[in-house]
Structures are given as structure tokens and as C-alpha cells.
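Residues in the sequence shown are numbered from 5 upward in steps of one, following this note's numbering.
Note that the Cβ used here is the ideal one computed from N, Cα and C, for glycine as well.
Data first, discussion second: the structure below is written as C-alpha cells.
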Amino acid sequence: MTQPVKALQARTKGDFSAFEQTIIQRRDLRQDDVAIEIKYCGICHSDVSMVQWQGAHFPMVPGHEISGIVTAVGSDVKDFKPGDRVGVGCFVNSCGKCAACRAGREQFCEKGTVIVFDSEDDDGTITQGGYSQAIVVKDHFVLHIPDELSLADAAPLLCAGITTYNPMKQYQIGAGSKVAVIGLGGLGHIAVQFAAKMGADVTVLGHSESKREEAQQFGATSYEILRDPADFAPLAGQYDFILNTVAVDLNIGDYLPLLKFNGTLCYVGIPSDEIHFNLFSMFGNQANITASNVGGIALTQEMLDFAAKNHIKPQIEMIRIDDVADAYQNILDSKVHYRYVIDMATLK
Numbered sequence: 005m006t007q008p009v010k011a012l013q014a015r016t017k018g019d020f021s022a023f024e025q026t027i028i029q030r031r032d033l034r035q036d037d038v039a040i041e042i043k044y045c046g047i048c049h050s051d052v053s054m055v056q057w058q059g060a061h062f063p064m065v066p067g068h069e070i071s072g073i074v075t076a077v078g079s080d081v082k083d084f085k086p087g088d089r090v091g092v093g094c095f096v097n098s099c100g101k102c103a104a105c106r107a108g109r110e111q112f113c114e115k116g117t118v119i120v121f122d123s124e125d126d127d128g129t130i131t132q133g134g135y136s137q138a139i140v141v142k143d144h145f146v147l148h149i150p151d152e153l154s155l156a157d158a159a160p161l162l163c164a165g166i167t168t169y170n171p172m173k174q175y176q177i178g179a180g181s182k183v184a185v186i187g188l189g190g191l192g193h194i195a196v197q198f199a200a201k202m203g204a205d206v207t208v209l210g211h212s213e214s215k216r217e218e219a220q221q222f223g224a225t226s227y228e229i230l231r232d233p234a235d236f237a238p239l240a241g242q243y244d245f246i247l248n249t250v251a252v253d254l255n256i257g258d259y260l261p262l263l264k265f266n267g268t269l270c271y272v273g274i275p276s277d278e279i280h281f282n283l284f285s286m287f288g289n290q291a292n293i294t295a296s297n298v299g300g301i302a303l304t305q306e307m308l309d310f311a312a313k314n315h316i317k318p319q320i321e322m323i324r325i326d327d328v329a330d331a332y333q334n335i336l337d338s339k340v341h342y343r344y345v346i347d348m349a350t351l352k
């Protein structure tokens, strides 16, 4: 048995004008399931990328930054009840048995993590995401939203929040750390808040003067404009950790010398093209380059609790369901100011 719910689907690859409202089917509750009425869903650049991807399944219901209210729970569910404020992030299933899953790193499941949309679930169905009225999810992958966070503010944290929080925890950012954040967009403005509240000295590395004041409001202690190679030299050896939050092709070899000995530059923004740099830019300080992919369920809950306790929230622009196609184009054109969130009450 299944239950019909209203949703917004992308009908064909890359055609934002082809979004249409439709009816999809959600499974009936299993013993370990939680049924959720979706109140808000954030829009992430990854949603846009998936709609453009040749290998995706269409029609597709995107959305992986989901917040809402529990409406029902399965008979084996102990940690949730109807009326609870909850969220669902990037993935909704994993094997639960492999080394990655046992370590709380479900995003690296050796059998394959089931993404919240456009992914094959264990029953053979293709998952459909959060641009819909409701969703049914295994309880392990549901998160409590603390009362101090609004459901609208919580939605982007379920991707952008954990994407920036995870590497900072992994590299033990805290009091005494000197951190630089490349970019102050949808990821960067959240990263600055996390790093500052962890006790780090935070610098934003930008390309224009326009966001200096906002960077300081988010907790940055300095803002450096890097346009030309000569702008980098005064910052050599300054930072323990650099988080690259932008999805553009930077000359990353210019940034590596800014690290202290054995410092780390971590990618969370994914450029569309390959990166190229001269290895000699790493030799002078034994620099490390790495990347980070969201975070496990337990760490995501920790992130939400940390954000609530420390008054961290994303800057959002609320939109109606009819505005999704325009929002996608604005994201591609770099016209979005931080994060879009869809009010799912506008799905009629």
C-alpha cells in the first residue's frame, strides 16, 4: 500500500521550465518508520546539479533539506512521537552494518548510501525528495529540531550546516585555531558562524569589499581581499585550516602557502572542472589537501544542538513553490543571497 501526496517534480533534465506539481506515492509506515508533514525545504546547489545531471532519473522530486512535524510513527519507534519537530537531511538509508555505518559515517556506507532523492532504496523504488507535502523515513535517519531553531532556519542546516560543521570537528577547530573561509555565500556564512562559536580566530577570504561588514557580523575577525598573486604574500603561514566553500575554479596553489606547517585546506565547494596546481606550493609547509562530504546522523544531530545553543542560523529567503524554477536559475547565475527555503504550505 502507498499514500498519495502532492509534490513538485522536475520533468526532464536541465529544463527548469518543466517543473510541475504532481502526485507521488509515499510508502505506508513500516515498524521503524516516521511519517512527517513537510513544512519547509531548502534549495541547495546540489538540487540544481542533480536536475542537470545526465544520469538522473526523471521525473524527479528534488529536496534534501527537509523540516516538518511528525504525524505518525511505526510500532518499533521509541525516539519520536506525533507532534515532534524534526528534520531529514541528505540520506535516508544505509546498510547499518559496515565499518562506516558502525562508525556513524553513514554517508560512506560500503553497500551504498540511499540519498533522499534519485536513489534506489532497498525495496527497489527510486527515492523522491522534500519538495512535497509529506515523507516517510526510517527513524534512524530522522533528526530532532531543537526548540531554539525555527523549522525554516533548520532546513538549510541539514545540508549546508553539516557540510561545514563536519570538517571543523574532524580537524579539531577550537580556541586558538586560526581558520580562513574562502567565500561568504550559502556555505561560507554558516562556516564562519560555526568556527567563531568554536572559539577560532576566523578570516574570510573574498574577492571584493562588498561582504566585509557581513563577514564581521557573522563572527569573522578579519576580511582579506585576494584579487592578485601579490595579495597572498602577506598572509603566508597564517592559518591552521582553510575551508573552501566556493564551487569555482580557484588557483588553489595560491592558497596553500597561506597554511601553517602541516595545515589543511579542505574542499566543501565542488568545482565543475578538475583542479590543477603546482605541487611545489605544498612542499614549503607540508600542506594537506582534503575534501569533506556532509556528515553522519549522530554528528548532524550534534550540529543542530550546537547551532541552537549558540544562536547560529542561516540567512534565508523564503519563496513559494511557484518560484522554484526562478530560484534555480538565480543559483546558477550567482544571484542568490545565501539560502532559499520553500514554504511547502504554498504547494496546493
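Item, Value
"M64 (DSSP reduced to helix, strand or coil)", "strand"
"Those residues which DSSP pairs with H315 across a bridge", "According to DSSP, H315 bridges with nothing at all."
"Three-way DSSP call (helix, strand, coil) for R15 in this model", "coil"
"Cβ neighbour criterion (16 or more within 10 Å) applied to V252", "exposed"
"Identity of the residue in L209, G257 and Q174 nearest G189 by Cα", "L209"
"Residues near S212 in its chain [Cβ-Cβ closer than 8 angstroms; skip 5 each side]", "I229"
"T168 versus G300 - alpha carbon distance", "13 angstroms"
"Three-pair Cβ contact test at 8 angstroms for the segment 39–47 versus the segment 102–111", "no"
"Coarse secondary structure for L303, derived from DSSP in three states", "helix"
"Paired residues, beta bridge with G46 - DSSP", "V345"
"Start-to-end residues for the beta strand (DSSP E) that takes in Y271", "L263 to Y271"
"Inter-residue Cα distance where the pair is G203 and M172", "11 angstroms"
"Closest residue to F245 among N255, N292 and D277 (Cα-Cα distance)", "N292"
"Terminal residues of the alpha helix (DSSP H) in which E218 lies", "R216 to F222"
"H49 burial status per 10 Å Cβ neighbour count (16 or more: buried)", "buried"
"Alpha-carbon to alpha-carbon, E306 and H144", "14 angstroms"
"E217 versus A224: straight-line alpha-carbon distance, rounded", "9 angstroms"
"Option nearest G267 by Cα separation, candidates T117, Q7 and Y175", "Y175"
"Nearest residue (CA-CA) to P160, options G192, L263 and T6", "G192"
"6 angstroms Cβ shell around E321 - same chain, five flanking residues per side excluded", "Y344"
"Straight-line Cα distance separating I279 from G257", "10 angstroms"
"K142: first and last residue of the uninterrupted beta strand (DSSP E) it sits in", "A138 to K142"
"Stretch pair the segment 17–26 + the segment 56–68: three plus CB contacts closer than 8 angstroms", "yes"
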